[in-house]
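Comments concern the structure below.
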Amino acid sequence: MRAGPDRVLLLHGLWMVGLTMQRYARGLARAGFQPEILGYPSIAGGPDAAVERLTRALGRGPAHVVGHSLGGLSALQAVCATPSLPIGRIVCVGSPVGGSRAAQAMARVPLSRFYFGRSAEILHAGCARWPAGVEVGMVAGSEPRGLGALLARFEDAHDGTVSVEETRAPQLSDHIVVPASHSGLLLSADAIRQTATFLREGHFEHAR
93 MRAGPDRVLL LHGLWMVGLT MQRYARGLAR AGFQPEILGY PSIAGGPDAA
143 VERLTRALGR GPAHVVGHSL GGLSALQAVC ATPSLPIGRI VCVGSPVGGS
193 RAAQAMARVP LSRFYFGRSA EILHAGCARW PAGVEVGMVA GSEPRGLGAL
243 LARFEDAHDG TVSVEETRAP QLSDHIVVPA SHSGLLLSAD AIRQTATFLR
293 EGHFEHAR
């Protein structure tokens, strides 16, 4: 289903709050969209809480969805659980759809369940498949700044928390890498501009 051209729902990532999506929301507003930030308890509630908030918001009308990291995985989980949701296009921002090696490594640390809470399972496994016809774009980062790299010991390009390879999936409509760290993606003008392009066009602006 194609959403209307304006409304965009934004989901933040793990250990974050809605306020962290403010710059992204302002950038999308300047691009002509009507962003709405959905906060949820990422540790105590996990993706189920995000899916519940997203489903309730979509009950007020169709929208595109933008999710950072866990937020992107949650959006994919929502559309997998209920393919009839009135979601237009989805942009995942630094989401480990192939599963997070950093999260898997941290799972071996005692008491790691307190770090991830109810989000552990989806971070470990990812969400690399979703219903046919759902247009999903991925914006990945390539600035290697973050503690996750110490745990995962990435050998390929990464954003300090998630590797570029972990953001790839065969069903993606498009994929692009921008020079930003995992948290820096939320502040990146390139990431915001590319997101707006995908929401409008169904593809990113690739260099020619």
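Each residue of the sequence shown is one higher than the last, beginning at 93 in this note's numbering. Where is the CB? At the ideal position from N, CA and C, for every residue including glycine. Since the model is a prediction, treat every value here as computed from it, not as a measurement.
task: Would you tell me roughly how many angstroms separate the C-alpha atoms of G209 and R292, rounded to the nearest one?
output: 35 Å
message: For G233, tell me which candidate among A283, A197 and L165 has the shortest Cα-Cα distance.
response: A283
- request: Have a look at G276 and G225 and give me their C-alpha separation to the nearest angstrom.
  value: 30 Å
- prompt: Are there three or more Cβ pairs, one per stretch, closer than 8 Å when the segment 213-227 is compared with the segment 145-155?
  reply: no
- prompt: Is DSSP giving L278 helix, strand or coil here?
  reply: helix
query: For Q286, which residues of its own chain have a beta-carbon under 6 Å away from its beta-carbon, when the five flanking residues on both sides are left out?
result: V231, I268 and F296
query: Expressed to the nearest angstrom, what Euclidean distance is found between the alpha-carbon atoms of L146 and V228?
result: 16 Å
Sheet register partners of I214 (DSSP bridge): According to DSSP, I214 bridges with nothing at all.
query: Once you ignore the five residues that flank E258 on each side, which residues in its own chain have a CB closer than 6 Å to its CB?
result: P188 and G190
query: Hey, how far is the Cα of L169 from the Cα of P139?
result: For clarity, residue 169 is Gln in the given sequence; the question names Leu instead. Roughly 8 Å separates the two Cα atoms.
- prompt: Any idea if G124 is buried or exposed, counting beta-carbon neighbours within 10 angstroms, 16 or more meaning buried?
  reply: exposed
message: Between the alpha carbons of G137 and P236, how many angstroms are there, rounded?
response: 29 Å
message: Contact criterion: CB-CB distance below 8 Å. Does T147 meet it with respect to chain C?
response: Absent from the structure: chain C. Only one protein chain is present.
task: Measure the C-alpha to C-alpha separation of S134 and D248 and round it to an integer number of angstroms.
output: 28 Å
- request: Assuming G164 and H104 form a contact by the criterion Cβ under 8 Å, report the distance between their Cβ atoms to the nearest whole angstrom.
  value: Going by Cβ atoms, the distance from G164 to H104 rounds to 10 Å, so no, they are not a contact pair.
task: State the Cα-Cα distance for the pair S280 and V270, rounded to the nearest angstrom.
output: 8 Å
- prompt: Who are the Cβ neighbours of A261 in its own chain at under 7 Å, not counting the five residues just before and after it?
  reply: V189, G190 and A220
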